[in-house]
Structure formats: structure tokens, C-alpha cells
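Right, one structure below, let's go through it.
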Amino acid sequence: MITLDKLNRKEAVRYLGGSGIKLNYRMDSLMDECENEILKKASPKFLYIEKDLPFSEIMQGDDIKRHLEGCEKAVLMCATLGAEIDKLIRISQISDMARAVVLDSFASVAIEQVCCKVDELLAEKYDEYYMTFRFSPGYGDYPIELQKDFLKLLDAPRKIGLTTNDNYLLMPAKSVTAVLGLSKTQIERRKRGCAVCNMRDKCQFRKNGEHCGF
Amino acid sequence: MDFKGFLNDREFVLLDGAMGTLIQKSGVEYKSVPETLNILNPELITSFHKAYIDAGADIVYSNTFGANAYKLKESGCSVDEIISAAITNAKNAVLGTSSLVALDIGPIGQLLEPAGSLSFDEAYEYFKEQILAGKEADVIVFETMTDLYELKAAVLAAKENSDKPIIATMTFERNGRTFTGVSPASAAVTLTGFGVDAVGVNCSLGPNELEPVVSEISKYTDLPIVIKANAGLPDPNSNEYDIMPDDFAKCVVSLLKYGVKIIGGCCGTTPEYISKIKATLKKEKYRPQKKCVDTTVCSASTVVEINGPRIIGERINPTGKKLFKQALVDNNIDYILTQALSQVSGGAEILDVNVGHPEIDEKKMMVRVLKSIQSVCDAPLQIDSTKPDVLDAGLRYYNGKPIINSVNGEEKSLNGVLPLVKKYGASVVGLTLDENGIPKTAEGRFEIAKRIVERAESIGIDRKDVYIDCLTLTVSAEQDACRETLKALHRVKTELGCKTCLGVSNISFGLPNRELVNRTFLTMALEEGLDLPIINPNVESMTGAVRAYRVLAGIDKNSKDFINEYNDSPIVVSTPKTTEIDIFTAVYSGLKNEGASITQKLLESTDAMQIVNEMLIPALDRVGEDFEKNKIFLPQLIQSANTAQECFEVIKKHISVTSGSPVSKGKIILATVKGDIHDIGKNIVKVLLDNYGYTVVDLGRDVDPQLIVDTAVEQNIKMIGLSALMTTTLKSMEETIKLVRQRKELQNPDGTSKCVVFVGGAVLTKDYAMKIGADYYCKDAKESVDTAKLVLG
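Protein chains in written order, with my numbering: chain A, 1 to 214; chain Z, 1001 to 1793.
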């Protein structure tokens, strides 16, 4: 069970294109309200399974091979904030669009925080291993189509209500699937960099000389 | 003996335990899905069924939980092959015993609209295919459902393609709701209305944790209750469950007081559990629910009990409302949704939905509006139309138990409407009029009410689901009519024992100070026994009168709701200091209310177009520039846009009063392409375009290319904006553009396109946009406005 008690405000502001902007009082209180609302409505759930490598079902493309190079095991994980968050954002888009975008960015922050907590949990559980970062379907040449296989392997639709549609969009929307590699011998600390990112051509962070942090 | 025989003759009906657990324990390998074992290893599956029958199961579930076309896609087998094999295996197992075979159907595995993108009709087709393939089974079971809408599609598919009895069970989380937010009460009310044969819960939790859910269900149905719980919780490492057969059976017995009659086990249970339950139940008796809540309507998440006056909001109705009519013609669903949300926050507990207008396809619109409202609003709805085919469509796509408005004493109406009410398990408003019009006297109206109730009961509709409307007439025209209405209402309530409903506002037509007359009439009617006043909930004195009545009539115990509502309301109303800021500041700082009042003032001395062109637009432009320079961030940009919108609304109203023609700089279609459901970006663009004076025809998300092209042709629209978030949905964007270019009506005589297409979305680049044939790529909402200015002026 994962609970969130605080969300990273700086990140949320950054997603909204506001890093470096001094927020006025009204914006600050809007941020407060939205953070609380997301914390209240989120119902974080996650699943993971461990697989011995090589595990051919999830190996497609070069990037995943590089990612799991030298690893003996892989952990497949998924996490979601639940359907209430989607509904909350949907409703606020009708009544107050400004609020909706703030809620949306806090929800993105929240799912990332949930994933980080899962990382910590895994690091603790597999403390005799070195662990790679999370690599998700859709990164680099790793096919997004694997979304469906991940969810099936994890029995995610039944266990936590996480599904995809025919276009491999995760539903509820604020959700993540990923694979992490485990190795007994030290692995090179690779960073999720711009090189494998599909957004590198049009990323606003990159254009501003920033980095998204992943 | 068949299933209904079991229900009548046996104290309890025993189901089997888990199939998956036995498959897992056997260590047998299978390809893709466990349902393929029905064909690859039929003896094994039959032996599992036999083990459960030997343990005492009266009904075994076929090994078909995931045997739908979506999940079987990669298995190499068809639905028909797997299901017929599975039913044969189960039939072989029950041979020579009295046990029955249930066709087991689980969720499709994709999320339905509105949260997901699988449509109700697609879901219906998946289930229909399974039901036809399993026609040899004795019972149909739907289990582990988490979405009431999906379950509705399933039950309808069963009812319309089979006459087998139906068991329906859903899966609830520890918070007492399903993943999609369905409440046990809503599930019970809706499924009972549909006429399934048993309802209950399965999976997710152990029987020790199911008590709150089971007790809630039993309050809202008189059907036998089913439980098929997990053997507790699985250990994450060993996958072993933590409740042993003895304890499991004991927990089950502790739930019998809620009317539990049909019992089995889900994940982690084995034949041992079933034989233990059987042994333990020998000493027990079935205890049907004594009394359940009788008059209810619901959405998927909220049940409204009609146990005192409940407010029905009347404002979703185009009659006499110019803006509403325009919204219908323009397909402006957001306008209607805003009305829905504001009525609920005003105090409405049920919303009437009427979209009848000669210029539109009422049936299509009704379905679209109902689905849209239900995606953002939990209040149950009242489907209001004079046309049975519109009511039929509305009932089919509504999620929950709605009210139908209405049937009347005419033969045609009784024959056309009541069977629909029965089929979909709805409630219905009965109007006390017939071929001869509205009777003048209370007696005449009472007689019609009686006739409607009798007819309803003759086809199996309970009178508790008929709400009689004794009709409000205008008191300025017929002064005595008010008394007759109230007299009739009183008689219906006391002599027929029906709930009553009344549209209130009609009473004051033609009089000054209508609100005062309405409120007084409302109070009189409440005292005569009015249950469902149909009013404008945003008129505080009307809603307040209902709240106060609930206190005075002793319904609102200890005045709890009343105090909750009014205790915090501010006593001092602060007056905004509008004089100190100008319109530019209001827009720039996003001060909505101030913006509107300043505009109002300005209009007394300044030309409307001058305000638009010299004040509002420059303010918006400045906001846009500052946004681009990273001086303000996205929420501020939107708040400014919203403020400008308030100003524009004031101006629009002013212009339509003075000249009659509204101002628009041109129409633009916006849509998120087929398959894509992330629409927040598109909606931001919409807010901005709206505020620069363009009329946006918002087709929503996951939009069929054909609809986009047809709308462009029908409404003669020259500009289309498309949004896609995922690489996988860029295909749909390309297809949509192609279709726009191909359509003859959207081409100039020389073959060039009349339509400008602009695109945007996270994964798009300018190059890619050009490659798929778009005219413009817009990186954000601001650029979309710049493009619109360029194209439409």
C-alpha cells in the first residue's frame, strides 16, 4: 500500500511552464487547493512481478536489450492513481479549465512519486542487486504495443483496474508500466537521457536548455 | 430441476470454487489464455468440474471467464470453439447428477466509455457473441464486473439473445466501491430493475471483509444474494491465500442474515472449501431480507431514495431558452454540462434532461447528452421526451436506474412507454391527462392516475416506480385549478400510495413576482405530499423552501442537512471594488466577476465593438505575449481567457438585445482524433479560441473521421483543428485529413481544399504535420489563435 502525503510543487509548476515564475497569491492558493484535491482523490495501486532473464516476451528492439544488458532478472511493474482522478480532471475541464490544468500537472507529479516509492520498495526487497531505472513501452524503440502484454502478465485489469485501449493508451490515464533490470554485479548507471526520448525534437524543456529530470 | 427450481426448493444453492486456482496448482502449461485448455486438455477441465460437484456444488461455472473476442485475439481459437468445448466439458461433468452448468462471463478487459474508449455497443457485441456460443448452458453468470455500464451491456445482451436465468456479481474494493466507483447500492438497484435472478459479490476480498458490501446490497434488493469470495488475501511471494476452509465457511454463515442464498468461492478456493461450506450450511436456514428500501433511482455511483421531497432540476430543457436552443444546434455539449453541474451545486438531486428541438436529431442528441452528463455528474437523471424512440434510446444508454418523463392516460402512450419502463427497470412519471385533455376536477385526474397505475402493474411495474404528476395549471388563467391540482395530489398520495411529482413554475405564468407565487405554491404542494418538485434549483428561495420543509416536516433529522447547508454561509456580502481596476487589469489578472461587471458599466458609455477591439483583444494579446516569454504560466493564461469570456458574454447579450445578431468571427471544428482520449490540450485551445470570438464546434475526443467531415460539410466550416497525443493515434489524424481532402463538398472547383486543417499534440512536429497533409502546425493554444486570426481574420 502506498500513500502520498505531499506532492512536489516545484515539479507541478514546471510542468505548467512556470519554472522561474514567481507565483502570485491567487496562483499559490490554486496550487494548494489542487494539490489537496489530488491527494484526497488519488487511490494509488501498483503491481510487480519478477522474471528471470532472458525473457523473450518483453524483448523487442535494441534499446531494451541495452537497458537490461548484464542483468539476471527483470521486474515488470505497473502503477495507477485510479479512475477517480480521471473523473476529477474531466469535471474540472467543464467548470474551470485553469484548475483542470493544475490538477492534471499535480496528477502527473503524483504518479511519478508513486513510481519512485515502488522503486524504493523494490530496492529494499532486492537489496543484494543493483537496479536499473524504469524503462517503459514507448521509450526509444521499445514498442508501445507491449503495454498490453505488460498488463496481461501483471493481471492488471483484474487486480488494479488498469487497462489499455486499442491504441495502447493506459486507462486510467495517470498510470505507468515499466521494466527494471536487476544485476548482482554493478551496472553502469545509465540515465534516462534525451537520446532515447521520443520527444527530443520538440521538447520545451530541451528548447529552454533544461532537462525534464528523467 | 432448473435454476429457478433450485431457488424455490433448496435452502441454499452451492456454486463451485476457483477454476484458475486448480489450473495453477496442476502445473499444466497453456498457450496464451487458460480457456484454451478446454480444447487442449478437456479431461483435465472436466475433472476439475467433477471435483466441485463431488464436493457439493449445485452449479459449476464453465471455464470461459475470459473467452471473449478481445482476449482470445492471439489464442488462435474462436469464441465459439472455446465456449462450446467448455460447455461440453462442464456438461460431461454434471452428467448423471442434478448439478447445472453456468456459462461464465467475465469483463472484456477494456475500459468502457466515458472513462475508456470501448463503446457500449461494442461491449454489447462482445457479450452477445459469448451468449450465443454458450446457449447450451443452464444459467448465465456475469462475474468480477467493476463497471456497471459494462454489466448493463452484458445483461441486455443476455436478455435480448437468450431466455436463461442470470446471476450478476460485481467486485468491490476495501473502500466499498468498484475500481470505476460503482456503489453496492447502485449495483443492487440497477440489476434488480433489469430483472436478473440473483445479485451479489465475488472476488477481491475474503468473506470476512465483505460484510459492509453485502449488507448494503441487501438493503436495496429483494433478490437472493450471491457471495463467491476469495480465500482471503494472497501472499505476494507464495501466492497462497490466508483463510482456511473452516474459517471461510464460518465467515459465510455470519453473512446469511443478509439474505445470502447462493454461495461459492473465488480465487484461492478449492473443492475442500465447497464441501466445508456444504457441511456447515446443513444446520442453517435461508433468511430472506425482511424489508428493502423501496423507491429509488440511481446513477452508477449514487442512489437517491425518494423518502421525502427530492429536487429535480428543470433547466436542461430548450423550451423558451434561446441560448440553450443555439447550443443544441451547435452541438455545444459543454453548455449543457455546465447547466448540469451548476444545478447540482444549487441543490438538485435528480436532473431532468430534455433536448427536444425541431432542428436536431433528438434521439442522437439525447444519447450523447446523457452519456456526457453521466461522465461528469453523479446525480440520477430523468429522461424527458414525448417520443418513445427517444426514450428507448435514452434508456438503453443510461447507466443506472433513471426516471422516464413521461407516460399519460392515452392508450397510445400507455402502450408505447410502459413496456420500455418494464424492460429497462426504470421509474416513470405518469401525467394525469388523456385523449380528452386535462380533466378540470381532482376526481378526473385521480381516475387517470389510477388507470396508469393499474396498467403499469398489469405488466409487472411496481407502483412504487410510478410517480404521478397531477399537473400544474396557470393560476392567472384558471384560479380554481390550483386547488384541484393539490386535491388530486393528496388523493394520489394517500389512496394510491404512489410518489408524486410536479412541475412548479407554470403556476405563476402571467403574474408579477413569479418567484413568490412559485415558492408559496411549492410549500402548499409539499404539505399535500409532493415528493418530486421539478424546479430551478438555482433559485435559492425555491431550493431553500424544500430544505426548510424537510426540517419542519421532521424529515431532516435534527436539522442536520439544513445546518450543514446554511451554517457556513457568509452573512456579510462583500462588495467587489470594481471602481479601482480597469478592464485590462481584470483580464490580465484573471478576475472573472470584476471583468463582467466592468464590461457592463463600460457598455453604458462605450461601443461594444470598441470594447472588444480596443480593450479585450489587446489585453488577451498581452497575456499571450507574456505567456510566450515565460512571464506567466499556463493556468494564468487560461484564467485570463476565462475572464475575457465573461466579458464577451456580457457584450454578446448586450448586442443581441440591441441588434439581435450575435458576433462571431467564424466557426472552427475541434476534435481529438479517433482512438485518443487525452483531450486536455484540445480543451485549452477551445477556451482560447472561444475568447477571441470564434465559435468552436467541439466534437469531443475519440472522434470518428467521418463525423468530423460530415460536420464540416453540414455547417459549412472552413477550419478544423485536430489533436493527438500518442504516436499510435497519429494514424487517425492522417486518415482524418485524408478524408477531409477527399470530400467533394470541401473542395473548390479547381480541386484545392476549402478547409484549413491545423494540428497539434505532444508527439507532433512541424515536419510531421506537413507530411500528413495538415496546413498548419500549432505548438500551443496561443499559436492556434494566431493561426485562426491568419485564416479567418
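Idealized CB from N, CA, C, for every residue including glycine.
None of the values given here were measured: they were computed from a predicted structure.
Find the residues of chain Z that neighbour residue i, judging by a C-beta separation of less than 7 Å, and give them in chain order.
| i | result |
| --- | --- |
| E84(A) | G1181 |
| R158(A) | T1144 |
| M27(A) | P1635, Q1636 |
| L16(A) | F1633, L1634, P1635 |
How would you list, in chain order, the residues of chain A whose beta-carbon sits under 7 Å from the beta-carbon of residue i?
| i | result |
| --- | --- |
| N1683(Z) | Q93, M97 |
| V1376(Z) | R90, I91, I94 |
| L1730(Z) | Near L1730(Z) there are no residues of chain A at all, since even the closest Cβ is about 10 Å away, more than 7 Å. |
| D1334(Z) | I94 |
Hey, could you find the ends of the alpha helix (DSSP H) residue i is sitting in?
| i | result |
| --- | --- |
| I1262(Z) | Here I1262(Z) belongs to no alpha helix (DSSP H); instead the beta strand (DSSP E) covers 1260-1265. |
| N165(A) | Element bounds for N165(A): n/a, residue is neither H nor E. |
| K125(A) | 97-125 |
| A1090(Z) | 1079-1094 |
| Y1052(Z) | 1042-1055 |
| N36(A) | 25-41 |
| K1738(Z) | 1730-1742 |
| C1251(Z) | 1245-1254 |
| D1767(Z) | 1766-1771 |
| K1004(Z) | 1003-1009 |
| V1587(Z) | 1583-1589 |
| S1026(Z) | 1020-1026 |
| V1417(Z) | 1411-1424 |
I want to verify the contact list: residues of chain A whose CB lies under 8 Å from the CB of residue i, in sequence order.
| i | result |
| --- | --- |
| N1642(Z) | D96, M97, A98 |
| I1677(Z) | N165, L169, M171, A173 |
| I1680(Z) | I89, Q93, A100, V101, D104 |
For a contact defined as C-beta to C-beta under 9 Å, what are the partners of residue i on chain Z?
| i | result |
| --- | --- |
| L30(A) | P1635, Q1639 |
| D63(A) | Going along chain Z, no residue has its Cβ under 9 Å from D63(A), so there is no contact; the nearest lies around 15 Å. |
Could you give the first and the last residue of the continuous beta strand (DSSP E) run that contains residue i?
| i | result |
| --- | --- |
| K51(A) | 45-52 |
| E1173(Z) | E1173(Z) -> no beta strand (DSSP E), and no H or E assigned at all. |
| S56(A) | No beta strand (DSSP E) contains S56(A), which DSSP labels as neither H nor E. |
| N1405(Z) | 1403-1408 |
What residues of chain Z sit near residue i, judged by a beta carbon separation below 8 Å?
| i | result |
| --- | --- |
| I144(A) | M1726, T1727, T1728 |
| D119(A) | Within 8 Å Cβ-Cβ: nothing; D119(A) doesn't reach chain Z, min ~17 Å. |
| S21(A) | Note on identity: in this sequence residue 21(A) is Ile, with Ser being the wrong assignment. Simply N1630, K1631, I1632, F1633. |
| V13(A) | F1633 |
Residues of chain A with CB closer than 9 Å to the CB of residue i, please, in chain order.
| i | result |
| --- | --- |
| T1338(Z) | I94, S95 |
| Q1110(Z) | P157, T163, T164, N165, D166, M171 |
| S1117(Z) | N165, D166, N167, L169, M171 |
| I1651(Z) | None at all; the shortest Cβ gap to chain A is about 20 Å. |
| L1341(Z) | I91, I94, S95 |
| V1687(Z) | M97, A98 |
Assuming residue i contacts residue j (C-beta within less than 8 Å), just tell me the rounded distance between them.
| i | j | result |
| --- | --- | --- |
| L1471(Z) | L1433(Z) | 7 Å |
| I1217(Z) | L1015(Z) | Between L1015(Z) and I1217(Z) the Cβ distance is about 17 Å, and since that is not below 8 Å, they are no contact. |
| L1831(Z) | V1033(Z) | The requested residue 1831(Z) is not part of the displayed model; chain Z covers only 1001 to 1793. |
| V1539(Z) | E1565(Z) | So it is not a contact: roughly 15 Å between Cβ atoms. |
| E1484(Z) | T1441(Z) | 6 Å |
| C78(A) | F150(A) | 6 Å |
**OP:** Any chance you could list the alpha helix (DSSP H) runs of at least 4 consecutive residues sitting entirely within the segment 1203-1232 of chain Z, in chain order?
**Re:** Taking only runs of at least 4 residues, the alpha helix (DSSP H) segments lying wholly in the segment 1203-1232 of chain Z are 1211-1219.
**OP:** Output the residue ranges of the beta strand (DSSP E) runs that lie fully inside the segment 1286-1323 of chain Z and measure 3 residues or longer, sorted by chain position.
**Re:** The segment 1286-1323 of chain Z contains, as complete beta strand (DSSP E) runs of 3+ residues, the segments 1296-1298, 1303-1305, 1312-1316 (chain order).
Original post:
Between the segment 1362-1372 of chain Z and the segment 1388-1403 of chain Z, do at least 3 Cβ pairs fall closer than 8 Å?
Top reply: Note that the segment 1362-1372 of chain Z touches the segment 1388-1403 of chain Z; at least 3 beta-carbon pairs, one per stretch, sit closer than 8 Å.
Original post:
Are the segment 1164-1177 of chain Z and the segment 1135-1149 of chain Z in contact at 8 Å, needing three or more beta carbon pairs?
Top reply: Taking 8 Å as the limit for Cβ pairs, the verdict is that the segment 1135-1149 of chain Z does touch the segment 1164-1177 of chain Z.
**OP:** Taking only runs that begin and end inside the segment 1326-1389 of chain Z, name each unbroken beta strand (DSSP E) of 3 or more residues, in chain order.
**Re:** Counting only runs of 3 or more, we get 1350-1353, 1381-1384.
Subject >> Given 8 Å, three or more beta-carbon pairs between the segment 1601-1609 of chain Z and the segment 1621-1632 of chain Z >> reply: Output reads no: the segment 1621-1632 of chain Z does not touch the segment 1601-1609 of chain Z.
Original post:
Where in the segment 1439-1486 of chain Z do unbroken runs of the beta strand (DSSP E), each at least 3 residues long, occur, reported from the N-terminal end onward?
Top reply: Those beta strand (DSSP E) runs which fall completely within the segment 1439-1486 of chain Z and span 3+ residues are 1466-1469.
Original post:
Is it true that the segment 1648-1655 of chain Z meets the segment 1295-1315 of chain Z, where meeting means three or more beta-carbon pairs spaced less than 8 Å apart?
Top reply: With the cut-off at 8 Å, the segment 1648-1655 of chain Z and the segment 1295-1315 of chain Z do not touch.
**OP:** Taking only runs that begin and end inside the segment 1144-1168 of chain Z, name each unbroken alpha helix (DSSP H) of 4 or more residues, in chain order.
**Re:** With a minimum length of 4 residues, the continuous alpha helix (DSSP H) runs that stay inside the segment 1144-1168 of chain Z are 1148-1161.
**OP:** Scan the segment 1506-1561 of chain Z and note each continuous beta strand (DSSP E) run of 3 residues or more that stays entirely inside, going in chain order.
**Re:** Along the length of the segment 1506-1561 of chain Z, whole beta strand (DSSP E) runs at least 3 residues long occupy 1532-1535, reported in chain order.
Subject >> Unbroken stretches of the beta strand (DSSP E), 3 residues or longer, contained in the segment 1599-1683 of chain Z >> reply: Whole beta strand (DSSP E) segments, 3+ residues: 1667-1672.
Subject >> Sufficient close CB pairs (3 or more, under 8 Å) joining the segment 63-79 of chain A to the segment 15-31 of chain A >> reply: Contact fails: fewer than three Cβ-Cβ distances are below 8 Å.
**OP:** Give a yes or no on contact between the segment 1-16 of chain A and the segment 97-113 of chain A, applying the rule of three or more CB pairs nearer than 8 Å.
**Re:** Pairwise C-beta distances place the segment 1-16 of chain A in contact with the segment 97-113 of chain A, as three or more of them are shorter than 8 Å.
Original post:
If we count Cβ pairs, one from each stretch, closer than 8 Å, do we get three or more for the segment 1494-1506 of chain Z versus the segment 1525-1536 of chain Z?
Top reply: Short answer: they touch.
**OP:** Check whether the segment 1242-1253 of chain Z touches the segment 1197-1212 of chain Z, taking contact to mean three or more Cβ pairs, one atom from each stretch, closer than 8 Å.
**Re:** Yes: the two stretches touch, three or more of their Cβ pairs being nearer than 8 Å.
Original post:
Are the segment 1267-1274 of chain Z and the segment 1229-1244 of chain Z touching by the rule of at least three beta carbon pairs closer than 8 Å?
Top reply: Yes: at least three Cβ pairs fall under 8 Å.
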